[in-house]
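Take a look at the structure set out below.
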Amino acid sequence: MKRVYVTRGLPEPALKPLRDLFETEVWDRNEPIPRGHLSEVLGDVDGLLCMLTDEIDATLLGRAPRLEVISQMAVGVDNIDVEECHRLGIPVGHTPDVLTETVADTAFALLASIVRRLPEGEKIVRRGEWGPWSPTFLNGRDLHGTTLGIIGMGRIGKAVSRRCAGFNMEVVYTSRSAKPDLDARRLDLSELLGRADHVVICVSLNIETHHLIGVKELEMMKETAYLVNVSRGPVVDTNALVEALKAGAIAGAALDVTDPEPLPAEHPLLGLDSCLVVPHIASSSVRTREAMARLAVDNLVAGLEGREMPARYRQDRREQSD
Ligand code: DGY
Numbered sequence: 039m040k041r042v043y044v045t046r047g048l049p050e051p052a053l054k055p056l057r058d059l060f061e062t063e064v065w066d067r068n069e070p071i072p073r074g075h076l077s078e079v080l081g082d083v084d085g086l087l088c089m090l091t092d093e094i095d096a097t098l099l100g101r102a103p104r105l106e107v108i109s110q111m112a113v114g115v116d117n118i119d120v121e122e123c124h125r126l127g128i129p130v131g132h133t134p135d136v137l138t139e140t141v142a143d144t145a146f147a148l149l150a151s152i153v154r155r156l157p158e159g160e161k162i163v164r165r166g167e168w169g170p171w172s173p174t175f176l177n178g179r180d181l182h183g184t185t186l187g188i189i190g191m192g193r194i195g196k197a198v199s200r201r202c203a204g205f206n207m208e209v210v211y212t213s214r215s216a217k218p219d220l221d222a223r224r225l226d227l228s229e230l231l232g233r234a235d236h237v238v239i240c241v242s243l244n245i246e247t248h249h250l251i252g253v254k255e256l257e258m259m260k261e262t263a264y265l266v267n268v269s270r271g272p273v274v275d276t277n278a279l280v281e282a283l284k285a286g287a288i289a290g291a292a293l294d295v296t297d298p299e300p301l302p303a304e305h306p307l308l309g310l311d312s313c314l315v316v317p318h319i320a321s322s323s324v325r326t327r328e329a330m331a332r333l334a335v336d337n338l339v340a341g342l343e344g345r346e347m348p349a350r351y352r353q354d355r356r357e358q359s360d
């Protein structure tokens, strides 16, 4: 019987197909599996179901002589050395589509919250500092009628852009390829940053997008603009963002993802009222996480049975996974 390892506890109904077909072991603690332990178990498994918190690099892969298939419960696979997997003939599965709309909901929620300064208002209320109504108190910016810049027009970028119609917003975007089906203009990154009233990052993390937004790019944004990141923390240069926020070079930022992650409580970003940070929960609805778990299991089963995975990650179609 083939052996599989799952690096985090998943609901039993999702695990059932694995338990029925394979000898299945689960790291059942609510924290990432230590690298040393993962390295040990990989010596003896045929299939791995992993999380974005597991760094699956060439060293680890070198200690997994039997490994046939990797299935990740996330759409982004930047924690996995996919080139090495390709070289070793190990297919990698991921979970696109099933999380698209939930992540786009979160991106929009973050955007609306920061633009309307909701976190600042909420903190004031909780601190007991809610004074009399005032015409100038917490004046924020509008979302409706503005131009949104979407960096990365893959599935999630498109889902964010669909939501803009309801807010009467114009959309401009960057993307490797034009999307003629969209009622939106494709621009260079610098044009987009200069033109957009607010910017949402939906691009996947890879060598080309690491620190895509740094000092220069933040300077190109409008002083009144807000930046939202629902992709991966390292797409933004954190130090540059801290400085830009401190200097008022942009109005604020709302981040589902950060670099580092988790962000320590004493991190300078958390001392800034203009910054909203949530702990990488963009896809975290009950329904979506169940669907992600099911798809990750289906990918693993298909791969181990020698069938095409329902969602195999393909580098050549990388933009699709944005
Ligand atoms: C993903 O799937 O890559 C998301 O970041 C998970 O929330």
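Read in our numbering, the sequence shown has 242 at position 204, and its numbers run on one by one without any break. Using N, Cα and C, we set each Cβ at its ideal position, and we do this for glycine too. This structure is a prediction, so every number in the text was calculated from the model and none was measured.
The alpha helix (DSSP H) enclosing residue i, as first and last residue numbers
i	result
Ala-340	324–342
Glu-229	227–233
Leu-156	156–164
Leu-12	In the structure as shown, the chain starts at 39 and stops at 360, and residue 12 therefore has no counterpart that could be examined.
Leu-279	276–285
Val-198	193–203
Leu-256	253–258
Gly-100	96–100
Residue from the options whose Cα sits closest to the Cα of residue i
i	options	result
Val-210	Arg-223, Val-83 and Thr-133	Arg-223
Asp-311	Thr-296, Ala-292 and Ser-322	Ala-292
Asp-66	Glu-93, Thr-247, Gly-190 and Pro-49	Pro-49
Val-42	Ala-289, Pro-72, Leu-80 and Pro-170	Leu-80
Ile-94	Ala-287, Leu-342 and Gln-110	Gln-110
Val-44	Thr-62, Asp-58 and Pro-51	Thr-62
Val-237	Gly-290, Leu-243, Glu-246 and Leu-220	Gly-290
Arg-46	Val-241, Lys-54 and Met-89	Met-89
Gly-100	Val-115, Ala-112, Ala-320 and Arg-125	Arg-125
Glu-208	Asp-219, Asp-294, Arg-233 and Ala-331	Arg-233
Leu-225	Thr-185, Arg-200 and Ile-245	Thr-185
Leu-181	Pro-300, Ala-340, Leu-149 and Cys-240	Leu-149
Leu-243	Val-115, Cys-202, Ala-102 and Pro-218	Val-115
Ala-269	Ser-228, His-305 and Ile-319	Before going on, a small fix: residue 269 reads as Ser here, not Ala. Per the Cα distances, Ile-319.
Lys-254	Ala-329, Asp-82 and Ser-228	Ser-228
Asp-221	Pro-55, Ala-203, Asp-119 and Ser-151	Ala-203
Asp-219	Trp-171, Arg-200, Asn-206 and Leu-230	Arg-200
Pro-317	Asp-294, Val-339 and Pro-298	Asp-294
Asp-119	Pro-300, Asn-177, Gly-271 and Ile-245	Ile-245
Val-315	Ala-102, Pro-103, Arg-155 and Asp-82	Arg-155
Ala-287	Ile-188, Tyr-351, Ala-263 and Leu-176	Ala-263
N- and C-terminal bounds of the beta strand (DSSP E) containing residue i
i	result
Thr-212	208–212
Ile-239	236–239
Arg-41	41–44
Glu-106	From DSSP, Glu-106 is part of no beta strand (DSSP E); its letter is neither H nor E.
Asn-267	264–267
Leu-87	85–88
Ile-189	185–189
Gly-290	290–293
Glu-121	Segment 120–126 is the alpha helix (DSSP H) holding Glu-121; no beta strand (DSSP E) there.
Glu-61	61–64
Val-153	Unbroken run through Val-153 is the alpha helix (DSSP H), 138–153; no beta strand (DSSP E).
Val-315	313–315
Exposure label - residue i; buried when at least 16 CB within 10 Å
i	result
Asn-337	buried
Glu-121	exposed
Thr-97	exposed
Lys-363	For residue 363 there is no data in the structure shown, the boundaries of the chain being 39 and 360.
Ser-359	Because Ser-359 sits at a pLDDT of 42, beneath the cut-off of 50, its placement in the model cannot be relied upon, and the following sentence gives the value as read from the coordinates. Ser-359 is buried by the Cβ-count criterion.
Glu-78	exposed
Ser-213	buried
Val-163	exposed
Asp-235	buried
Thr-296	buried
Asn-267	buried
Thr-174	exposed
Lys-284	exposed
Met-330	buried
Lys-196	buried
Pro-134	buried
Asp-84	buried
Arg-165	exposed
Ser-151	buried
Gly-74	exposed
Legend entry - Residues proximal to the ligand DGY by C-beta, any heavy atom closer than 5 Å: Ala-112, Val-113, Gly-114 and Ser-321
Inset, instruction - Answer yes if the segment 192–201 comes into contact with the segment 152–170, meaning at least three C-beta pairs across the two stretches below 8 Å, and no otherwise. - result: no
Inset, instruction - Would you check if there are 3 or more beta carbon pairs closer than 8 Å linking the segment 267–286 to the segment 55–69? - result: By the Cβ criterion, the segment 267–286 is not in contact with the segment 55–69, since fewer than three pairs of Cβ atoms, one from each stretch, lie closer than 8 Å.
Legend entry - Three CB pairs or more closer than 8 Å across the segment 101–116 and the segment 127–142: yes
Legend entry - Segment contact, 8 Å Cβ cut-off, at least three pairs: the segment 315–324 with the segment 139–150: yes
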